[in-house]
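4 protein chains.
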Amino acid sequence: MKVNELMTHQALSPSPTKLCVKVGGAGEVVFGGHAVVLIAGPCAVETEHQMMTSAQAAQRAGAKMLRGGAYKPRTSPHAFQGLGEPGLALLRQARRETGLPFVTEAVCVETLKRVAEDADMVQIGARNMQNFALLRAAGRQSRPVMLKRGLSATYAEWLFAAEYIAMEGNTQIVLCERGIRTYEPATRNTLDLSAIPILRMQTSYPVIVDPSHATGRKEAVHPMALAGVAGGADGVMVDIHPAPKEALCDGPQALSFASLLTLGEGMRDVAAAVGRA
Amino acid sequence: MKVNELMTHQALSPSPTKLCVKVGGAGEVVFGGHAVVLIAGPCAVETEHQMMTSAQAAQRAGAKMLRGGAYKPRTSPHAFQGLGEPGLALLRQARRETGLPFVTEAVCVETLKRVAEDADMVQIGARNMQNFALLRAAGRQSRPVMLKRGLSATYAEWLFAAEYIAMEGNTQIVLCERGIRTYEPATRNTLDLSAIPILRMQTSYPVIVDPSHATGRKEAVHPMALAGVAGGADGVMVDIHPAPKEALCDGPQALSFASLLTLGEGMRDVAAAVGRA
Amino acid sequence: MKVNELMTHQALSPSPTKLCVKVGGAGEVVFGGHAVVLIAGPCAVETEHQMMTSAQAAQRAGAKMLRGGAYKPRTSPHAFQGLGEPGLALLRQARRETGLPFVTEAVCVETLKRVAEDADMVQIGARNMQNFALLRAAGRQSRPVMLKRGLSATYAEWLFAAEYIAMEGNTQIVLCERGIRTYEPATRNTLDLSAIPILRMQTSYPVIVDPSHATGRKEAVHPMALAGVAGGADGVMVDIHPAPKEALCDGPQALSFASLLTLGEGMRDVAAAVGRA
Amino acid sequence: MKVNELMTHQALSPSPTKLCVKVGGAGEVVFGGHAVVLIAGPCAVETEHQMMTSAQAAQRAGAKMLRGGAYKPRTSPHAFQGLGEPGLALLRQARRETGLPFVTEAVCVETLKRVAEDADMVQIGARNMQNFALLRAAGRQSRPVMLKRGLSATYAEWLFAAEYIAMEGNTQIVLCERGIRTYEPATRNTLDLSAIPILRMQTSYPVIVDPSHATGRKEAVHPMALAGVAGGADGVMVDIHPAPKEALCDGPQALSFASLLTLGEGMRDVAAAVGRA
Numbered sequence: 000m001k002v003n004e005l006m007t008h009q010a011l012s013p014s015p016t017k018l019c020v021k022v023g024g025a026g027e028v029v030f031g032g033h034a035v036v037l038i039a040g041p042c043a044v045e046t047e048h049q050m051m052t053s054a055q056a057a058q059r060a061g062a063k064m065l066r067g068g069a070y071k072p073r074t075s076p077h078a079f080q081g082l083g084e085p086g087l088a089l090l091r092q093a094r095r096e097t098g099l100p101f102v103t104e105a106v107c108v109e110t111l112k113r114v115a116e117d118a119d120m121v122q123i124g125a126r127n128m129q130n131f132a133l134l135r136a137a138g139r140q141s142r143p144v145m146l147k148r149g150l151s152a153t154y155a156e157w158l159f160a161a162e163y164i165a166m167e168g169n170t171q172i173v174l175c176e177r178g179i180r181t182y183e184p185a186t187r188n189t190l191d192l193s194a195i196p197i198l199r200m201q202t203s204y205p206v207i208v209d210p211s212h213a214t215g216r217k218e219a220v221h222p223m224a225l226a227g228v229a230g231g232a233d234g235v236m237v238d239i240h241p242a243p244k245e246a247l248c249d250g251p252q253a254l255s256f257a258s259l260l261t262l263g264e265g266m267r268d269v270a271a272a273v274g275r276a
Numbered sequence: 000m001k002v003n004e005l006m007t008h009q010a011l012s013p014s015p016t017k018l019c020v021k022v023g024g025a026g027e028v029v030f031g032g033h034a035v036v037l038i039a040g041p042c043a044v045e046t047e048h049q050m051m052t053s054a055q056a057a058q059r060a061g062a063k064m065l066r067g068g069a070y071k072p073r074t075s076p077h078a079f080q081g082l083g084e085p086g087l088a089l090l091r092q093a094r095r096e097t098g099l100p101f102v103t104e105a106v107c108v109e110t111l112k113r114v115a116e117d118a119d120m121v122q123i124g125a126r127n128m129q130n131f132a133l134l135r136a137a138g139r140q141s142r143p144v145m146l147k148r149g150l151s152a153t154y155a156e157w158l159f160a161a162e163y164i165a166m167e168g169n170t171q172i173v174l175c176e177r178g179i180r181t182y183e184p185a186t187r188n189t190l191d192l193s194a195i196p197i198l199r200m201q202t203s204y205p206v207i208v209d210p211s212h213a214t215g216r217k218e219a220v221h222p223m224a225l226a227g228v229a230g231g232a233d234g235v236m237v238d239i240h241p242a243p244k245e246a247l248c249d250g251p252q253a254l255s256f257a258s259l260l261t262l263g264e265g266m267r268d269v270a271a272a273v274g275r276a
Numbered sequence: 000m001k002v003n004e005l006m007t008h009q010a011l012s013p014s015p016t017k018l019c020v021k022v023g024g025a026g027e028v029v030f031g032g033h034a035v036v037l038i039a040g041p042c043a044v045e046t047e048h049q050m051m052t053s054a055q056a057a058q059r060a061g062a063k064m065l066r067g068g069a070y071k072p073r074t075s076p077h078a079f080q081g082l083g084e085p086g087l088a089l090l091r092q093a094r095r096e097t098g099l100p101f102v103t104e105a106v107c108v109e110t111l112k113r114v115a116e117d118a119d120m121v122q123i124g125a126r127n128m129q130n131f132a133l134l135r136a137a138g139r140q141s142r143p144v145m146l147k148r149g150l151s152a153t154y155a156e157w158l159f160a161a162e163y164i165a166m167e168g169n170t171q172i173v174l175c176e177r178g179i180r181t182y183e184p185a186t187r188n189t190l191d192l193s194a195i196p197i198l199r200m201q202t203s204y205p206v207i208v209d210p211s212h213a214t215g216r217k218e219a220v221h222p223m224a225l226a227g228v229a230g231g232a233d234g235v236m237v238d239i240h241p242a243p244k245e246a247l248c249d250g251p252q253a254l255s256f257a258s259l260l261t262l263g264e265g266m267r268d269v270a271a272a273v274g275r276a
Numbered sequence: 000m001k002v003n004e005l006m007t008h009q010a011l012s013p014s015p016t017k018l019c020v021k022v023g024g025a026g027e028v029v030f031g032g033h034a035v036v037l038i039a040g041p042c043a044v045e046t047e048h049q050m051m052t053s054a055q056a057a058q059r060a061g062a063k064m065l066r067g068g069a070y071k072p073r074t075s076p077h078a079f080q081g082l083g084e085p086g087l088a089l090l091r092q093a094r095r096e097t098g099l100p101f102v103t104e105a106v107c108v109e110t111l112k113r114v115a116e117d118a119d120m121v122q123i124g125a126r127n128m129q130n131f132a133l134l135r136a137a138g139r140q141s142r143p144v145m146l147k148r149g150l151s152a153t154y155a156e157w158l159f160a161a162e163y164i165a166m167e168g169n170t171q172i173v174l175c176e177r178g179i180r181t182y183e184p185a186t187r188n189t190l191d192l193s194a195i196p197i198l199r200m201q202t203s204y205p206v207i208v209d210p211s212h213a214t215g216r217k218e219a220v221h222p223m224a225l226a227g228v229a230g231g232a233d234g235v236m237v238d239i240h241p242a243p244k245e246a247l248c249d250g251p252q253a254l255s256f257a258s259l260l261t262l263g264e265g266m267r268d269v270a271a272a273v274g275r276a
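Chains A, B, C and D, in that order, give the protein sequences. For reference, each letter of the first sequence is one residue, going 0 to 276 in numbering that gives the first Met the number 0. For reference, each letter of the second sequence is one residue, going 0 to 276 in numbering that gives the first Met the number 0. For reference, each letter of the third sequence is one residue, going 0 to 276 in numbering that gives the first Met the number 0. For reference, each letter of the fourth sequence is one residue, going 0 to 276 in numbering that gives the first Met the number 0.
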């Protein structure tokens, strides 16, 4: 499959007009516009205290949107699978308390129904990037969709996955680069920031980056978040936790609240340097 | 995730007893026993003529089982998606005419229900190896399951995927190595035959190989099928087509009927050389 | 080989002091200090006109150093192998005319002798990252060394390669991330910017990036250069050409002089945003 | 670089005539003929006892050729670098005692001179596959050359490396597949046996496999050696050691002498099954 054989729903042209994807009841968050959106929250929703303090920290740092996993796709069936319904309730509570919309993952067609009722944006995770039934179902509901790149998906395959959603009528899609699988053992995956300019030439969908899942190491999150902004990303999504070492999921990549505050400042400076807000 | 951190349903020991997985009403096909099983059939079921001539060719070549896709997971939503229900009907007809059981892919929880009614074995494809809802559903039905390795899945992740199935009560699982994604452009994927001996040390599940999807080139199928047998595989699955150049799906990797006959003979000789039938 | 088994010449500590590598007779270029160094020049030196106009364009854009290949390691023996000695002469002329020091590649022990006489900095290319005889020879001469990462080298292997140089007495080493080999066909290689923060924790050597060779596409060079600066790189090296389409080597990744000017401005802004010059 | 753009010294045709490469004074070992050649010996020559007992074990198992590293290219400069000259002396002694020719690695142009004087075949290792000066030097001496595939080299690049040798006048080249770098951590590298049939279509050079370095695990060596033979390899090279756990280099992949004897028998059976000797 060659990139130039792509026939996606969004007309391909050397510099396609960027699509604006609006999230939240008041349409207050826009991906693909002038502003670079910061999304922050815990990898997995665990407790009321964890979620509420995280939401407040996100807001303080300038995040415009919350993240948090209620349903978690885990490699091992013996690992924590997420709180499920109570997790969604805590996300709703966090939204009420902060006014920030939230994105959360749908791991199957069943959970998609619930997620689409509650969440402001539906996430399709890397492992499900070619779960075509789920993609189609995401295209038949009305929430905007954040489509993560598969761990070994080419840009072309990623755009075809977006096309499965778009074909059903929902073109409110944001692409999220979250690292690809390589031979390098020092990072969890390899963040492929070149996806930003290359996809910019091939598609209208906004592109954001997730340096937390890409690198798996908190020390790399700040510099890679800034690199993403400098490279043209329309948003950055990071994991945070009040006590990273006690996290039930992916603690080593979670920023502390203090680090998030610093990141928010850094992002503002770099965004300004590249003419964004 | 380290391989040695695995806690799978099948006890891990230096040389676990191999599990025998029986397929077909009369239990006539056994994976993990003395015989190396040849499975053959078209990548996608297309027409009655194609399916019936393929089934007869498979039988002539010594295949003990048929394959054929009724539901096809395709990278592009614009590509042929399989015949669906009429494809299943043709597979049933081929089974009646030859007496050979068949395996076919379930691409989602919905199609799994239909496939489990008709097929002798349910295939979970590479793209769905971490579709956990589908894995769980496959564990809650009674047909044996062929679990293909994901395009960039480690052995450990593959065994965890099997564990999702086994945890629900179905341990009739056959693992199918079908090539992994590498940087080499001359083959579709890279067939990783080392999976056979390494998995043999870590799990009881039989392991088979699919040299057609792994290499994507018919010239490599015969030698890689023999290599699989010599390397200890419990079975080999290959694509065939009456007219490969006219195939709707993956024609370049399909063997002609004459080539399949030669392959059957070659496999018998190599199997005998390594003490198998 | 695990990263944490590394015993390199430079003491490993959570945050090693960064080494300053000085280049040029007057020591006017410093890697690892406050300033982010821009290096620009043609991939291969071709003609006097090409080299001199490139050098002037580099200077206008704020580059502090020139690059240019006189000896080129090429995949095919039938491809242009570089001008050799006349190429070195043109690089010396460009230095005289602009006052900027230059780096050029030594492809073997023989060419290293000549390069070390003329150049201000010796480059060891990706294909030679584990050419241990060449590394040792580079350690026994007195010019600073730019060590490119091998196409499939881990950070640990890269640091061990640096150690081969350092052991011979030359610790004036700058590491250059230039992309790694992955399955993605849309870019030549995948620029791995996470190398910057991870190496920052493991070694004292400055780290720069080469977005031209990493991406192979001029459209990606500007955003990836800025991403590198935002991610903490100590320098950026880019290919330029007066007429990219006529380049004898790697034309598709070469910036025009106008694009370089824009890049220089962009780098200044981003560097300022992250507290660098 | 596309495979079909290759213009190698050996004319490319759908089924090129296979070249026979003869090794040893009496030309008694032939790669590319009817027989599949077994090469065995220690990874690194360590002591007289180790080398002589290994040579005798190799001969007993039916090996027609010895291997042993006198000069070792090691990732770390602090690792054992080989015995050098005394290693060559032990290899000569092993040849005298058994009558078997030997292959050993030249790690640089300097060592190539010495190796070419003593050895019956010169090995160019994976890390040096694109050390073009070394390739050219190997082409200007008269010993046959075993060219190992680089850790992340495509088939096309590998053939171009062979072309660097052939252009200088030496076409006595045997290609050795030794595994490629992938994300799978359970094996050292991933043995890519598809290289055998694909290269068979593109080049006249014989192809052998090294399952020891490819898998890095002794448990996988026997089955992957047989797989190589079944897949059409012209030879198999394996590491052996009188006491693998005490080996100075790559012990985990070394076969015991008893295992080698079993392997020799297994190879004979599989070779016969595919019409080879």
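Heads up, the beta-carbon is just placed ideally off N, CA and C, and yes, glycines get one too. None of these values were measured; they are calculated from a predicted model.
Per DSSP, cross-strand counterpart(s) of residue i
i	result
C/GLN122	C/GLU104, C/MET145
B/LEU254	B/ILE239
C/PRO174	A small fix is needed here, since residue 174 of chain C is Leu in this sequence, not Pro. Paired residue(s): C/LEU146, C/VAL206.
D/ARG66	D/VAL102
B/LYS244	Per DSSP, none; premise fails for B/LYS244.
Proximity of residue i and residue j at Cβ, strictly below 7 Å
i	j	result
D/GLU176	D/VAL208	yes
B/HIS240	B/ALA253	yes
C/ILE32	C/LEU18	In the sequence as displayed, the identity of residue 32 of chain C is Gly instead of Ile. No, Cβ-Cβ distance for C/GLY32 and C/LEU18 is not below 7 Å.
C/ARG139	C/GLU167	yes
D/ALA54	D/THR97	yes
A/ILE172	A/ALA232	no
B/PRO100	B/GLY40	no
D/VAL269	B/ALA160	no
B/ASN327	B/GLY178	Limits of chain B in this structure are 0 at one end and 276 at the other, which puts residue 327 of chain B out of reach.
Expected contact under 8 Å - CB spacing of residue i and residue j to nearest Å
i	j	result
D/ILE38	D/GLY274	So it is not a contact: roughly 21 Å between Cβ atoms.
C/MET120	C/TRP157	Their Cβ separation, rounded to whole angstroms, is 18 Å, which puts C/MET120 and C/TRP157 out of contact at 8 Å.
Best match in the options for proximity to residue i [C-alpha to C-alpha]
i	options	result
A/LYS226	A/LEU192, A/ARG135, A/GLY168	For clarity, residue 226 of chain A is Ala in the given sequence; the question names Lys instead. The shortest Cα separation from A/ALA226 among A/LEU192, A/ARG135, A/GLY168 belongs to A/LEU192.
A/GLY263	A/MET64, A/GLU45, A/ASP117	A/MET64
B/GLY113	B/ARG91, B/HIS77, B/ASN130	Just to set this straight, residue 113 of chain B is Arg in the shown sequence, not Gly. The residue with the shortest Cα to Cα distance from B/ARG113 is B/ARG91.
D/SER255	D/ALA60, D/ALA213, D/HIS77	D/ALA60
A/ASN130	B/LEU260, B/VAL36, B/THR189, B/PRO72	B/PRO72
D/ARG267	B/ASP268, B/ALA272, B/MET266, B/ARG267	B/ALA272
C/LEU259	C/GLN58, C/ALA25, C/ALA88	C/GLN58
B/VAL36	B/CYS42, B/VAL28, B/GLY265	B/VAL28
| task | Return the residues of the segment 65-94 of chain C that lie within a Cβ-Cβ distance of less than 7 Å from chain D, sorted by chain order. | result | Those would be PRO72, THR74, SER75, PRO76, HIS77, in chain order.
| field | Residues in the segment 153-173 of chain B having any Cβ partner in chain A nearer than 7 Å | value | For chain A, the residues of the segment 153-173 of chain B that bring a beta carbon within less than 7 Å of one of its beta carbons are GLU156, PHE159, GLU162, TYR163, MET166, in chain order.
| task | Could you run through the segment 118-130 of chain C and flag, in chain order, every residue whose CB is less than 7 Å away from some CB of chain D? | result | From the segment 118-130 of chain C, only ARG126, ASN127, GLN129, ASN130 have a Cβ closer than 7 Å to chain D.
| query | For the segment 203-219 of chain D, which residues have a CB atom closer than 9 Å to at least one CB atom of chain B, in sequence order? | reply | Listed in chain order, the positions of the segment 203-219 of chain D with a beta carbon within less than 9 Å of a beta carbon of chain B are PRO210, ALA213, THR214, ARG216, GLU218, ALA219.
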